[in-house]
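Note sheet for the following structure.
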């Protein structure tokens, strides 16, 4: 590895190779390794490293400890024409997510809608990866997931909800999809860890210390604030509760407040995370082409709106697609903390290190 203080960029293909080899060495079967690699690289190509390449060491640790099965026997139970339940058998959440979306797409293709609740799963990275998988095939996609408690309730004194993300994607004819991927907290927990690793101060009104007071120092953070911060956090807390009900209650899993912490120290006991996925076929609602034309008109109107001085109006996903194009051309960057982590993985699992692009 190069000097961790220097800029270090790697090709997408090399990052995929490295992740696949590391996951396989840690016990993941080909399908699990491919799904996790797909999700992590997708997130990092779009600039969301907190849910991309930074998570590889965690998944390797969970596989090694036995919390996550490297070769799960997942079972799908179709309940009605448009609904089903996927038992993820404590496998990687990325495989559970992509598998559930495959079933949901199949049902949507047949009856217009497909909804899948997932139980006995694990952390699945960026929720947008799964909504995007539907949009890339011409469907509307939504993805939800619960997690262990990181987020205060509005006016609450201790964490209750997880970051409980909401993701929505829609196909745009001739363009990259419309893509919304958001935590119901002000920021995701991984962002706090990422900022702490590189010594960066957090924005205001996104996190709190153990006393429930707003803090910008990642080292002091004990909880996140719900979307809306101190004054309007009831909105984020309400959305977090909606995601909780869809993810854990509908799948029969423990709700997030009772889940084992993602970060350990117990890396041997499965956590039982829940997800929920919804896929809709646009032409099941209106005549063929109506949705595509309407969405194109909407996005044209949105992007044509006047912006504040020095700013630009963007649709959800625009920033991500720009970042993806840049990183595909120039390489995916690793900050100093990730350079060290990946060098250690290469040594531990005896795999060829990442190569720095010129």
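In my numbering, the protein residues as written are 819 to 1176.
Each residue gets a CB set at the ideal place from its N, CA and C atoms; glycine is no exception.
As the structure is a prediction and not an experimental result, all values here were calculated from the model.
Taking every protein chain shown into account, the CB of residue 1083 has fewer than 16 other CB atoms within 10 angstroms, so this residue is exposed. Along the length of the region 829 to 912, whole alpha helix (DSSP H) runs at least 4 residues long occupy 830 to 843, 848 to 863, 874 to 883, reported in chain order. CA-to-CA, the gap between residue 1041 and residue 1028 works out to about 7 Å.
Across the set 1025, 1013, 994, 996, the C-alpha of 1025 shows the shortest separation from the C-alpha of residue 1002.
Counted as a single uninterrupted DSSP element, the beta strand (DSSP E) harbouring residue 958 occupies residues 958 to 963. In this structure, the alpha-carbon of residue 1116 lies about 17 Å from that of residue 953. Nearest to residue 1106 by alpha-carbon distance, out of 857, 991, 951, 1015, is 991. Within the region 932 to 995, the runs of alpha helix (DSSP H) at least 4 residues long that lie entirely inside it are, in chain order, 946 to 953. Residue 881 and residue 925 have their alpha carbons spaced roughly 32 Å apart. Contact between the region 917 to 937 and the region 1051 to 1060 is absent: fewer than 3 CB-CB pairs across the two stretches fall below 8 Å. Counted as a single uninterrupted DSSP element, the stretch harbouring residue 1039 is not any alpha helix (DSSP H), since DSSP gives it neither H nor E. Residue 1094 is bridged by DSSP to 935, 962.
Per DSSP, residue 1067 is not a residue of any alpha helix (DSSP H), being assigned neither H nor E.
Inclusion of residue 1081 and residue 978 in the CB contact set at 9 Å is not warranted, their separation being larger than that value.
Going by DSSP, residue 1053 is part of the alpha helix (DSSP H) stretching over 1047 to 1062. One alpha carbon belongs to residue 911, the other to residue 958, and they sit about 21 Å apart. A straight line joining the alpha-carbon of residue 828 with that of residue 1014 spans about 23 Å. An exposed status is given to residue 1017, since fewer than 16 other beta-carbon atoms sit within 10 Å of its beta-carbon. Its Cα nearest to that of residue 956, the residue 1113 stands out among 1045, 1113, 1147, 982.
No residue range can be given for residue 1019, since it is assigned to no alpha helix (DSSP H) and is classified by DSSP as neither H nor E. Going by beta carbons, residue 988 and residue 915 fall outside the 9 Å limit. When the beta-carbon positions are compared, residue 897 and residue 1159 stay at least 9 Å from each other. When beta bridges are read from the DSSP output, residue 1150 appears opposite 828.
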